[in-house]
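Only one structure is covered here, and it is reproduced in the block below.
Protein chains: 2
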Amino acid sequence: MEYPKPLEDLIVQFMNYPGVGRKTAERYAMHTLSKISDENLNEFASILANIKSRIFRCSICGHLTDVDPCHICSDHHRDSAVIMVVESSKDVFSFERSKTYKGKYHVLHGALSPINGVGPEELNLESLWTRLHDDTVKEIILATSSTQEGEATAMYIQRVLRNMDVVVSRIGYGVPVGANLEYADELTLAKAVENRKSY
Amino acid sequence: MEYPKPLEDLIVQFMNYPGVGRKTAERYAMHTLSKISDENLNEFASILANIKSRIFRCSICGHLTDVDPCHICSDHHRDSAVIMVVESSKDVFSFERSKTYKGKYHVLHGALSPINGVGPEELNLESLWTRLHDDTVKEIILATSSTQEGEATAMYIQRVLRNMDVVVSRIGYGVPVGANLEYADELTLAKAVENRKSY
Numbered sequence: 001m002e003y004p005k006p007l008e009d010l011i012v013q014f015m016n017y018p019g020v021g022r023k024t025a026e027r028y029a030m031h032t033l034s035k036i037s038d039e040n041l042n043e044f045a046s047i048l049a050n051i052k053s054r055i056f057r058c059s060i061c062g063h064l065t066d067v068d069p070c071h072i073c074s075d076h077h078r079d080s081a082v083i084m085v086v087e088s089s090k091d092v093f094s095f096e097r098s099k100t101y102k103g104k105y106h107v108l109h110g111a112l113s114p115i116n117g118v119g120p121e122e123l124n125l126e127s128l129w130t131r132l133h134d135d136t137v138k139e140i141i142l143a144t145s146s147t148q149e150g151e152a153t154a155m156y157i158q159r160v161l162r163n164m165d166v167v168v169s170r171i172g173y174g175v176p177v178g179a180n181l182e183y184a185d186e187l188t189l190a191k192a193v194e195n196r197k198s199y
Numbered sequence: 200m201e202y203p204k205p206l207e208d209l210i211v212q213f214m215n216y217p218g219v220g221r222k223t224a225e226r227y228a229m230h231t232l233s234k235i236s237d238e239n240l241n242e243f244a245s246i247l248a249n250i251k252s253r254i255f256r257c258s259i260c261g262h263l264t265d266v267d268p269c270h271i272c273s274d275h276h277r278d279s280a281v282i283m284v285v286e287s288s289k290d291v292f293s294f295e296r297s298k299t300y301k302g303k304y305h306v307l308h309g310a311l312s313p314i315n316g317v318g319p320e321e322l323n324l325e326s327l328w329t330r331l332h333d334d335t336v337k338e339i340i341l342a343t344s345s346t347q348e349g350e351a352t353a354m355y356i357q358r359v360l361r362n363m364d365v366v367v368s369r370i371g372y373g374v375p376v377g378a379n380l381e382y383a384d385e386l387t388l389a390k391a392v393e394n395r396k397s398y
């Protein structure tokens, strides 16, 4: 016997999430029906329906935010001379939790991956070049992942900036090779910033 | 730094689900923002908002359904002489997947648990007694979990039915002791039905 259609539809929706297989999706769907109050369910539905209009990319750095420019870009206590380039907003949240970095960020929303058709035009790079037009920026820290795509992206940016009057560095020791930044602990992330090396 | 409020709200909603901690909820929230299309997201939100009005309890057996009576209760090819009593609709779906049971069901939506304030009145039992008023039902198979609550529930029902002209049996060998029915494989469930024993 199959699940009633509305229940099956809900299961399929949950299966869109990373690491959620059929069994887990079924649990989530049954939990939705039997354990979540009507009020809570309506709230969840409304948050989902509105999340993309309430959270958008900062026009300066590309970080996900509910105000434009984002809290980091508009914070005058932070050092505007340093920009850390990361692949995703998740990485910004991770670095912020480590509480050691006081510069600004730039979020690429991806990494170069010719196989998957991701070239420089697909990344949030134009706005990075724009930020370098005035002379405030003295250093760019490349904090893309230590995966093949992340390394290729760092290499690409470093080449573009080669002849510009800006120090380009790559985060260093600390972040485990082949790992995703998302899973790095605060200490590792702090160490990685501290031990960054210039190209 | 904290997450922007709408994003934090979404994370909190995902944390309502079983086995979902803060880290997983953050992944789901970020995935919602960056990987799920607007169209898909609106569909998900609408399914969530409407699921409880589209899926309800069958007025005969209590099983979750989108038609009343449910497909199982209205299926005349199934044996109306046997009713299998289970704790939740999940268990019905599990037994149906094992494709060996051809009787009807009765879903209690819980198990007796005095500590948690769950007495017989909190369970879907009144409608079970009602179903026994006519003489079609010859056997009741108690398929509650082999947990303390499940055993207490089976014992309670067996006592109530003691003086009635109906065979009461408990599913037998096959279901691992202390385990939740939900995780039992098809073969184990089939075996459990086959080896049921009479009280």
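The listed protein sequences derive, respectively, from chains A and B. Everything in the first sequence is counted per the numbering used here, starting at 1 for the first residue and increasing by one. Everything in the second sequence is counted per the numbering used here, starting at 200 for the first residue and increasing by one. Glycine residues also receive a C-beta, built at the ideal position from the N, C-alpha and C atoms. Quick caveat: nothing in here was measured; it's all calculated off a predicted structure.
Short CB-CB distance (under 8 Å) between residue i and chain A
i	result
residue 208(B)	yes
residue 175(B)	With chain B covering 200 to 398 only, the question about residue 175(B) has no answer from this structure.
residue 216(B)	yes
residue 226(B)	yes
residue 237(B)	yes
residue 299(B)	no
residue 268(B)	no
residue 231(B)	yes
Limits of the unbroken beta strand (DSSP E) element including residue i
i	result
residue 103(A)	103-107
residue 283(B)	278-285
residue 368(B)	366-369
Helix, strand or coil at residue i [DSSP, three-state]
i	result
residue 253(B)	helix
residue 132(A)	coil
residue 112(A)	coil
residue 338(B)	strand
residue 322(B)	coil
residue 223(B)	helix
residue 387(B)	helix
residue 67(A)	coil
8 Å CB neighbourhood of residue i in its chain, flanking five on each side removed
i	result
residue 71(A)	65
residue 335(B)	279 and 280
residue 243(B)	235
Beta carbon proximity, residue i to chain B, threshold 8 Å
i	result
residue 204(A)	The structure shown does not extend to residue 204(A), since chain A is modelled only from 1 through 199, so no value can be given for it.
residue 104(A)	no
residue 83(A)	no
residue 199(A)	no
Range covered by the alpha helix (DSSP H) that runs through residue i
i	result
residue 354(B)	347-360
residue 217(B)	Careful: residue 217(B) lies outside any alpha helix (DSSP H) and carries neither H nor E.
residue 96(A)	89-98
Residue i beta carbon near the ligand GTP (any heavy atom closer than 7 Å)
i	result
residue 300(B)	Within the structure as shown, the ligand GTP is missing, as the structure has no ligands at all.
Chain-order list of residues whose beta-carbon lies under 7 Å from that of residue i (same chain, five-residue window excluded)
i	result
residue 59(A)	68 and 69
residue 77(A)	none
residue 306(B)	260, 261, 262, 285, 287, 288, 291 and 323
Cut-off 6 Å between Cβ atoms - residues of its own chain near residue i, not counting five sequence neighbours on either side
i	result
residue 320(B)	none
residue 299(B)	389 and 392
residue 150(A)	111 and 144
residue 210(B)	224, 225 and 228
residue 152(A)	112
residue 214(B)	224
residue 158(A)	168 and 199
residue 91(A)	181
What are the residues of the segment 107-137 of chain A that lie near chain B, defined by any Cβ-Cβ distance shorter than 9 Å? 109
Quick one: which residues of the segment 146-158 of chain A get their C-beta closer than 8 Å to a C-beta of chain B? List them in chain order. For the segment 146-158 of chain A, there are no residues whose beta carbon sits under 8 Å from a beta carbon of chain B.
Name the residues in the segment 41-65 of chain A whose C-beta lies less than 8 Å from a C-beta of chain B; which are they? 41, 42, 43, 44, 45, 46, 47, 48, 49, 50, 51, 52, 54, 55, 64 and 65
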